[in-house]
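Last residue of the sequence shown? That's 466 in the working numbering, and every number before it is there in order. All C-beta atoms, glycine included, are put in the ideal place defined by N, C-alpha and C. First up is the structure itself, then whatever we jot down about it.
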Amino acid sequence: MKRRDFFKLAGAAAVGSAATSVLAARPQNGAPIATPSEANSEAPTSKADITLRIAPVTVPLTPNHIISTIGYNGTSPGPILRMREGVPVSVEVFNETDVPEYVHWHGLHIPSDVDGAEEEETPAVPPHGSRRYQFTPRPAGTRWYHTHTMAMADLNRSTYTGQFGFLMVDSGRDPGNYDQEIFLALRDWEPFFTNQPMDADEAGQVGPQPERPAVLDTRPNGLEVDSLVFSVNDKVLGAGEPIRVRPGQRVLAHILNASAIENRSIALPGHTFHVLAMDGNAVPTPRSVEMLMLGPGERIDAIIEMNQPGVWILGATQDMIRNSGLGIVIEYANEHRQPQWVPSAAAPWDYTVFGRPPGGQPAPDHTIDMVFEKIPGGAGQFNAWLVNGKQYPRDREFVLQQGARYRLVFHNRTDDGHPLHLHRHTFELVDVNGKSTSGIMKDTVIVPLYGRAAVDFVANQPGLTLFHCHIQQHMDYGFKALFRYA
Ligand SMILES: [Cu+2]
């Protein structure tokens, strides 16, 4: 299978051309699809290719558990947006809420004024107003879009709401080699503050902890955000339609962790995930694994070969999370038993198995060390998160020379795994806890607890560039930095 095989549009060959109409088709388990409906135009009075409406929505997690939140175009997840790589697109965003909003196009290389982040000086979509984003989407791959405001102590704002959706940027090349395409956004709902330590997936991580301090900070932890209700897309496990398959089918799964709060691991008993891409970028060494882990913001594209007839649960490996909704039923034709879950002893998640041998990349021109620490907040207070000893905002510390190759070395001196996201650029994973690799291109990477990772990127996208932990609370309380070009 070639690089872009799996980005084939389901029945939408003409997307991106001047005369495409909005598709009515929808994937079996997915949201409605929106595609550019007209040629792009600079004229502000012309109709935009895509319209997004930020407004209150209800999410029917089960027939009896209906959540009120904010979403896009009346749903959460929002519509699956389809764009053509390199074809300019305009998106008119109407904000029907009382607060300024931003729509961030996660994983795209686009200018700061349309990237959708206040820190990068993107203009806000004003309350009860509108704003047009015009950009040329690239690179091709599985991207996503979501709100990018601060939430601080307000759990009804920003990525705690339902403002997220898939954004598929298609290269227009190569037919797909699969029988069915599914979109799975992992979510949690009804967040709350707790002093209980997170029952995080990281607890199961084994391996070196090169950044573990000799003396741990024993001050009492501050409030963190947790949830007791989970879903895949807009349904709790068992509440929605199953994904119906036939023996021998190849199902292409696009998986997104759209959580604001935690890394997640998922599995499908009796099956493997043949990982083709991470964060929408083809991996050098596609291979099959039993378990996937995704931090908030990360995506995985994987083929699941349907070769174990039955009725199965594709869901979180943690029993509490899965039993509280994070899963979806896979039902083979003519099978009618109860959905089965079987715990497995899958190998721990390891990005580097999908890489090439180390040393493939040029030496960096500059290395930037970034040390992450947590100041425990204590009872009733929030923790503070430091980058190189300081909370955001910070001054002009990180200044990039255009064209230079940078290595960022992440030193995670905290007891949590952090999904770190760099806007407007793609980076290459170089090292995770001493395991070197090359060829893995990403925009978000989990640095394990007390762990270390390194990524390289070329400073080739002039403009303000935000870097942050994709866990909303960590970002809000200091865990971010702004890169500038000289
Ligand atoms: Cu974090």
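Check                                                                                                                                     : Outcome
Distance between residue 111 and residue 74 (C-alpha atoms, nearest Å)                                                                    : 7 angstroms
Nearest-angstrom Cα separation, counted from residue 134 out to residue 55                                                                : 21 angstroms
Own chain partners of residue 386 with C-beta closer than 8 angstroms, once the 5 adjacent residues on each side are dropped              : 344, 345, 346, 347, 348, 380, 436, 437, 438, 439
Terminal residues of the alpha helix (DSSP H) in which residue 287 lies                                                                   : Careful: residue 287 lies outside any alpha helix (DSSP H) and carries neither H nor E.
Spatial distance of residue 106 from residue 80 (CA atoms)                                                                                : 5 angstroms
Check: residue 459 C-beta below 7 angstroms from any heavy atom of ligand 1                                                               : yes
One or two residues paired with residue 128 in a DSSP bridge                                                                              : Bridge partners of residue 128: none, in fact.
Chain-order list of residues whose beta-carbon lies under 7 angstroms from that of residue 248 (same chain, five-residue window excluded) : 284, 292, 294, 310
Distance cut-off 7 angstroms: residue 426 Cβ against heavy atoms of ligand 3                                                              : Judged by which ligands are present, ligand 3 is missing from the structure shown, whose ligands are ligand 1.
Rounded C-alpha distance that separates residue 216 from residue 388                                                                      : 38 angstroms
Where residue 303 falls: helix, strand or coil (DSSP)                                                                                     : helix
Residues bridged to residue 113 [DSSP beta-bridge criterion]                                                                              : 71
Residue span of the alpha helix (DSSP H) that contains residue 454, given as start and end                                                : 452 to 456
Beta carbon shell of ligand 1 at less than 5 angstroms from a heavy atom                                                                  : 398, 449, 451, 454
Minimum C-alpha distance to residue 449 - residue among 427, 463, 442, 465                                                                : 427
In chain order, each beta strand (DSSP E) run of at least 3 residues that lies wholly inside the stretch 383 to 452                       : 385 to 392, 398 to 402, 407 to 412, 415 to 422, 424 to 427, 432 to 438, 445 to 449
Integer Cβ distance of residue 356 from residue 200, believed to fall under 8 angstroms                                                   : 6 angstroms
Beta-carbon proximity check, residue 76 vs residue 35, cutoff 8 angstroms                                                                 : yes
Check whether residue 335 and residue 409 have beta carbons under 8 angstroms apart                                                       : yes
Boundaries (first-last residue) of the beta strand (DSSP E) holding residue 48                                                            : 45 to 52
Environment of residue 78 [buried if 16+ CB atoms lie within 10 Å]                                                                        : exposed
Nearest to residue 393 (by Cα), restricted to the options 114, 362, 280, 350                                                              : 350
Straight-line Cα distance separating residue 317 from residue 432                                                                         : 45 angstroms
Beta-carbon spacing of residue 203, residue 362 below 8 angstroms                                                                         : yes
Check whether residue 101 and residue 446 have beta carbons under 8 angstroms apart                                                       : no
6 angstroms CB neighbourhood of residue 265 in its chain, flanking five on each side removed                                              : 334
Residue 455 versus residue 82: straight-line alpha-carbon distance, rounded                                                               : 16 angstroms
When 461, 267, 422, 304 are compared against residue 376, the one with the closest alpha-carbon                                           : 461
C-alpha gap between residue 148 and residue 198, whole angstroms                                                                          : 45 angstroms
Three-state secondary structure assigned by DSSP to residue 151                                                                           : coil
Which residues DSSP lists as bridging residue 121, in chain order                                                                         : 149
Pair within 8 angstroms by beta-carbon distance, residue 58 and residue 145                                                               : yes
Assumed close pair residue 278, residue 232 - CB separation to whole angstroms, cut-off 8 angstroms                                       : Residue 278 to residue 232, Cβ: 17 angstroms. No contact.
CB of residue 239 within 8 angstroms of CB of residue 254, strictly                                                                       : no
Sheet register partners of residue 359 (DSSP bridge)                                                                                      : The partner list for residue 359 (beta bridge, DSSP) is empty, contrary to what the question assumes.
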